[in-house]
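> One structure follows; several queries about it will come next.
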């Protein structure tokens, strides 16, 4: 489904954030990207979501080359690749209702010309994320909890029925119970609709519950990849061992404060 080969990305002449990154993703597969802050995880996600452009390399999505694709065709392909953002507070416009926020994606991508057809899709998306349409359609983001906002963000991503969702630290601003609820929701989408996920996170426990494979990034390069179980239980690269140790200590500290 997705084949990324030796992509590179730099900001100016001094900062190279991605160096010869290559990996693949099968239909319905869930892979996790882990690494220290600034390792390039979010940049990969933003490139796939058409928010940034790779400088070099190849990105094949269902045998279509994204790197050389025209801007118009690339926007059309956004229907198949959607993104869930880290911050449920800044990701949603405070001036729009839940209905308008979700409908926006349908209008931009020109999915369904009929208002009634769009409303049906919006209601279906809200039901999939366990939000009652009658209760939430007319509400504004400031009236919602953090967990509810993130669910609206998921509904906005899935309303177009994408084949791939890039989830960029979607649980980092949620408490433990809401994190587990969101992972259960994403798992359900994967099982019911066959949606593939690229899951960017610092949370090792969540990768064990959700991801089938892990990619470990360090300074813009993939230093190790394999099944989630192998990476977590039998890391081979020195950086992976140090990263896992540091993340486990961080998670332990967070549990103390919960």
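In the numbering used here, the protein residues as written are 117 to 374. Glycine is no exception: its CB is placed at the ideal position from the N, C-alpha and C atoms. Computed from a predicted structure; not experimentally measured.
Would you tell me roughly how many angstroms separate the C-alpha atoms of residue 345 and residue 324, rounded to the nearest one?
7 Å
> Could you tell me which of 199, 340 and 229 sits nearest to residue 167, measuring between CA atoms?
When only C-alpha atoms are compared, the closest one is 199.
> With distances taken between CB atoms, is the gap from residue 146 to residue 273 smaller than 9 Å?
no
> Starting from residue 329, follow the beta strand (DSSP E) in both directions and report where the run begins and ends.
329-334
> Does the pairing of the stretch 193-208 with the stretch 277-290 give three or more beta-carbon distances under 8 Å?
yes
> Give the straight-line distance between the Cα atoms of residue 372 and residue 185, rounded to the nearest whole angstrom.
Reliability fails at residue 372, whose pLDDT of 44 lies under 50, so the model's placement of it is uncertain and no value is given.
> What residue range does the beta strand (DSSP E) around residue 199 cover?
That run of the beta strand (DSSP E) goes 197-200.
> Please name the residue in 119, 118, 124 and 117 whose C-alpha comes closest to that of residue 337.
124
> What first and last residue would you give for the alpha helix (DSSP H) that runs through residue 207?
From DSSP, residue 207 is part of no alpha helix (DSSP H); its letter is neither H nor E.
> If we ignore side chains and look at the alpha-carbon of each, how far apart do residue 242 and residue 309 end up?
15 Å
> Can the beta-carbon of residue 174 be found closer than 9 Å to that of residue 121?
Yes; because the gap between Cβ atoms is below 9 Å, this pair is in contact.
> From residue 280 to residue 140, what does the alpha carbon distance come to, in whole angstroms?
13 Å
> Taking the straight line between their C-alpha atoms, what separation do you get for residue 218 and residue 320?
Here the C-alpha atom of residue 218 lies approximately 31 Å from the C-alpha atom of residue 320.
> How do the stretch 205-214 and the stretch 240-255 stand: do at least 3 beta-carbon pairs fall below 8 Å, yes or no?
The stretch 205-214 is in contact with the stretch 240-255.
> Consult DSSP for residue 345 and reduce its assignment to one of helix, strand or coil.
helix
> Could you pull the DSSP bridge partners for residue 226 from this structure?
DSSP, once it has assigned bridges, lists no residue as partnering residue 226.
> Helix, strand or coil: how does DSSP classify residue 127 here?
strand
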